[in-house]
Ligand code: MN
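Numbering (this note's numbering), first residue to last: 1 to 243.
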């Protein structure tokens, strides 16, 4: 059975259409897949598994319907939603993935990653990433009252948006050496990530080996997702048109 890969939905009550479109996808096309991978930034924010936002809860319910229907669901944290825990897994039936994660299907190995760790030219962001991915920092954050976490997440989001606006576009894309490095270390010739919102398929030569880097897109305009079956992995729109 084929697998589908999505990323960067950034679901948020402020833009309810994306959440509705994703729920419709979960209740239709995703049902035909053997597995669905969500490679980070499913939500614009996730302040902990006690999150009580009704818009996000509707998405969690749809994820649960999908796994109850027999589809394997794998979720990787993004830079927006890095605080998923065991309660999220129990509620949705998802399995959380480490980042990066080597996935083997149809005899091929592909390295999955959200993509933010590859944007090494953005030094202020990488410092922030190191801080918030530290388990001790996460433990302290999750111990705060939910209302305080929501306030801090809002401030962090505003800071991130103004940082993104100030940074040169080039610094916000993946660093070619970081891409080569992650492929070399995992000893694979295929990489799939999101995060940059620049969907596409790129060829990378690492130590004389030709490798491929696929990038899934965000869901703000026309979602670009990946489909992986016995014919290989490719990018497509939601209705199956090759992208
Ligand atoms: Mn991201």
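Note that beta-carbon positions come from the ideal geometry of N, C-alpha and C, so glycine has one too. As the structure is a computational prediction, the values presented were derived from the model and not from experiment.
For residue i, I'd like the list of residues in its chain whose CB is within less than 6 Å of its CB, leaving aside the five on either flank, ordered along the chain.
i           : result
residue 153 : 45, 47
residue 182 : none
residue 116 : 79, 195
Tell whether a beta-carbon distance below 8 Å holds between residue i and residue j.
i           : j           : result
residue 235 : residue 243 : yes
residue 174 : residue 204 : no
residue 7   : residue 41  : yes
residue 60  : residue 36  : no
residue 39  : residue 194 : yes
residue 133 : residue 141 : no
residue 74  : residue 94  : yes
Given this structure, state the Cα-to-Cα distance separating residue i from residue j, to the nearest angstrom.
i           : j           : result
residue 144 : residue 170 : 36 Å
residue 26  : residue 62  : 6 Å
residue 78  : residue 239 : 25 Å
residue 177 : residue 207 : 12 Å
residue 118 : residue 146 : 31 Å
residue 92  : residue 159 : 30 Å
residue 128 : residue 155 : 14 Å
residue 224 : residue 43  : 17 Å
residue 103 : residue 34  : 14 Å
residue 21  : residue 163 : 29 Å
residue 233 : residue 64  : 26 Å
Which two residues bound the contiguous beta strand (DSSP E) that contains residue i?
i           : result
residue 226 : 224 to 229
residue 237 : 232 to 237
residue 162 : Segment 146 to 166 is the alpha helix (DSSP H) holding residue 162; no beta strand (DSSP E) there.
residue 14  : Per DSSP, residue 14 belongs to no beta strand (DSSP E) and is neither H nor E.
residue 94  : Unbroken run through residue 94: none, as it is neither H nor E.
residue 140 : First-last for residue 140: 135 to 142, but that is the alpha helix (DSSP H), not the beta strand (DSSP E).
residue 196 : It is not in any beta strand (DSSP E) - residue 196 carries neither H nor E in the DSSP assignment.
Which two residues bound the contiguous alpha helix (DSSP H) that contains residue i?
i           : result
residue 59  : 54 to 68
residue 132 : 123 to 132
residue 183 : 176 to 186
By the three-class DSSP mapping on this structure, what secondary structure does residue i have?
i           : result
residue 34  : coil
residue 9   : coil
residue 242 : strand
residue 46  : coil
residue 219 : coil
residue 118 : helix
residue 25  : helix
residue 87  : helix
residue 77  : coil
Leaving out the 5 sequence neighbours to the left and right, which residues in its chain are closer than 8 Å to residue i when beta-carbon positions are compared?
i           : result
residue 55  : 11, 12, 13, 16, 19
residue 122 : 167, 171, 172
residue 212 : 189, 190, 191, 201, 202, 203, 204
residue 184 : 206, 207
Taking only beta-carbon positions, decide if residue i is within less than 8 Å of chain B.
i           : result
residue 141 : Among the chains in the structure shown there is no chain B, since it carries only a single protein chain.
For residue i, which residues of its own chain have a beta-carbon under 7 Å away from its beta-carbon, when the five flanking residues on both sides are left out?
i           : result
residue 101 : 76, 112
residue 120 : 126, 175, 178
Residues with a Cβ closer than 7 Å to any heavy atom of the ligand FMN, in chain order? Ligands in the displayed structure: the ligand MN; the ligand FMN is not one of them.
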